[in-house]
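Sequence lines, in order, name chains A and B. Note that this note's numbering has the first sequence beginning at 166, numbered continuously upward. Note that this note's numbering has the second sequence beginning at 166, numbered continuously upward.
There are 2 protein chains.
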Amino acid sequence: MQITSKFTVAVHILACIDIFDGQMRVTSDFLSGSTGVNAVIVRGVLGQLRNAGIVETRQGSGGAHLAKALDEITLYDIYKAVDCVDDEGLFHFHENPNADCPVGRNIHKAMDGRLEAAQAALENELKSTTLAQVVADTRKIIDEE
Amino acid sequence: MQITSKFTVAVHILACIDIFDGQMRVTSDFLSGSTGVNAVIVRGVLGQLRNAGIVETRQGSGGAHLAKALDEITLYDIYKAVDCVDDEGLFHFHENPNADCPVGRNIHKAMDGRLEAAQAALENELKSTTLAQVVADTRKIIDEE
DNA sequence: AAAGTTGAAACAGAAATGTTTACAACTTTA
DNA sequence: TAAAGTTGTAAACATTTCTGTTTCAACTTT
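Printed below as a string of structure tokens:
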């Protein structure tokens with residue numbers, strides 16, 4: 166089980182937009198080249214980021230741009246934007262526990278709070294990190310090369 | 166994306182073993198009935214729990230038993246036992262970032278620490294919860310019915 | 001010896017995910 | 001206005017992952 170790579174692709178895309186915008190047109194084709202991911206997938210991710218208000222894109226005129234400052238975009242915003250987890254939650258409960266069994270009938274309720282707490286711990290950590298930090302680290306590594 | 170339901174099935178199974186052991190033989194067939202999950206899947210989960218030293222089962226003689234005290238089993242132990250996440254980690258990095266692009270070449274390194282921290286936050290939360298707590302809650306809910 | 005059970009492998013089906021192809025809608029440039 | 005380049009999106013296809021099913025050998029108890 167792994168969280169969809171669209172998440173890391175999205176971060177990669179946003180880092181590219183920040184670093185290359187102004188120098189060149191950051192098209193889905195260019196981003197496909199940098200990420201190694203199909204241009205249609207890139208456009209899909211860009212669409213989700215656009216719906217979340219994180220980037221701006223327009224038909225015809227190529228080139229994506231950030232819609233927010235880097236330090237106003239957290240990893241959690243991106244994680245939500247690309248739908249890493251659905252409304253069911255991170256953990257998948259088995260669907261048909263036996264209601265005639267006292268355990269089967271109640272285990273879901275007994276676990277729910279714990280599972281939500283675990284998911285919240287993950288998400289809070291993502292909320293505490295901004296793209297500004299990730300891009301700063303990336304630039305630093307590039308400069309040190 | 167969701168963590169395999171084998172995790173909640175495993176917790177359900179362990180709760181059943183604790184609650185019904187002594188009263189009846191807790192066989193894979195019985196557990197299949199309580200969880201609503203195929204008996205072969207149940208035996209698979211029991212096998213993983215046995216490998217992790219959490220339960221004891223034997224061929225021929227039916228009936229699973231706990232191999233540890235309830236308060237010595239954390240949700241993390243179960244999560245590891247049933248292989249919720251593999252060695253690659255919870256997050257899935259896209260495989261072919263372009264090494265000719267400064268971002269593509271370095272984004273992985275720039276993100277890794279952050280992703281590991283997020284995964285650790287989830288796992289630490291699971292480590293802080295024992296089966297004893299979950300079963301106590303389950304018994305409490307049963308008693309209040 | 002018979003009945004019940006676990007362990008494990010092989011196969012099938014379903015569901016989720018990712019890829020590719022195709023094309024209409026749009027913008028810019030010449 | 002025409003051409004070229006780009007985005008948005010749908011549809012078809014392929015791949016992967018998860019779950020269920022079947023089958024049977026090995027084992028234990030009665």
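The beta carbon of each residue, even a glycine, is placed where N, CA and C say it ideally should be. Predicted model only: the values in this text are computed from it and were never measured.
Residues of its chain near residue i, where Cβ-Cβ distance is below 8 Å and the 5 sequence neighbours each way are ignored
i: A:T295; result: L235, D236, E237, I238, T239, L240
i: A:N216; result: A246
i: A:G218; result: A232, K233
i: B:A264; result: R270
i: A:R304; result: I184
i: A:K292; result: T239, L240, Y241
Chain A residues whose Cβ lies nearer than 7 Å to that of residue i
i: B:I307; result: P267, N271
i: B:E290; result: A282, A283, A286
i: B:R279; result: L240, T294, V299
i: B:S193; result: Simply none; closest approach about 14 Å.
i: B:K274; result: I306
Rounded Cβ spacing between residue i and residue j (contact assumed at less than 8 Å)
i: B:E221; j: B:A204; result: Not really, about 18 Å apart at Cβ, beyond 8 Å.
i: A:H273; j: B:P262; result: Actually they are not in contact, since the Cβ atoms of A:H273 and B:P262 sit about 40 Å apart, beyond 8 Å.
i: B:V202; j: A:H259; result: 6 Å
i: B:L280; j: B:G254; result: 7 Å
Sub-7 Å separation of residue i and residue j beta-carbons
i: B:I184; j: B:V191; result: no
i: B:H257; j: A:S170; result: yes
i: A:A175; j: A:V250; result: no
i: A:E290; j: B:A283; result: yes
i: B:N271; j: A:I243; result: no
i: A:A275; j: B:V299; result: yes
i: A:A180; j: B:V268; result: yes
Residues that residue i contacts on chain B, provided the C-beta gap is smaller than 9 Å
i: A:E253; result: Q167
i: A:V220; result: Those do not exist, as A:V220 stays about 16 Å from chain B at its closest Cβ, beyond 9 Å.
Neighbouring residues, chain A, relative to residue i (Cβ below 9 Å)
i: B:G227; result: Result: empty, since nearest Cβ-Cβ is about 18 Å, beyond 9 Å.
Close-in-space but distant-in-sequence residues of the same chain around residue i (CB under 6 Å, 5 per side omitted)
i: A:V207; result: S193, L196, S197
Cβ neighbours of residue i in the same chain (closer than 7 Å, five flanking residues each side left out)
i: A:I168; result: C249
i: B:F123; result: Residue numbering for chain B in the displayed model covers 166 to 310; residue 123 of chain B lies beyond these limits and cannot be assessed.
i: B:G228; result: R190, V191, T192
Partner residues on chain B for residue i, Cβ-Cβ distance less than 7 Å
i: A:I184; result: V268
Partners in chain A for residue i, counting only beta-carbon separations shorter than 8 Å
i: B:V247; result: Neighbours of B:V247 on chain A: none; closest Cβ ~10 Å, over 8 Å.
Quiz prompt | Residues of the region 187–212 of chain B whose Cβ lies closer than 7 Å to any Cβ of chain A, in chain order | solution = G198, S199, T200, G201, V202
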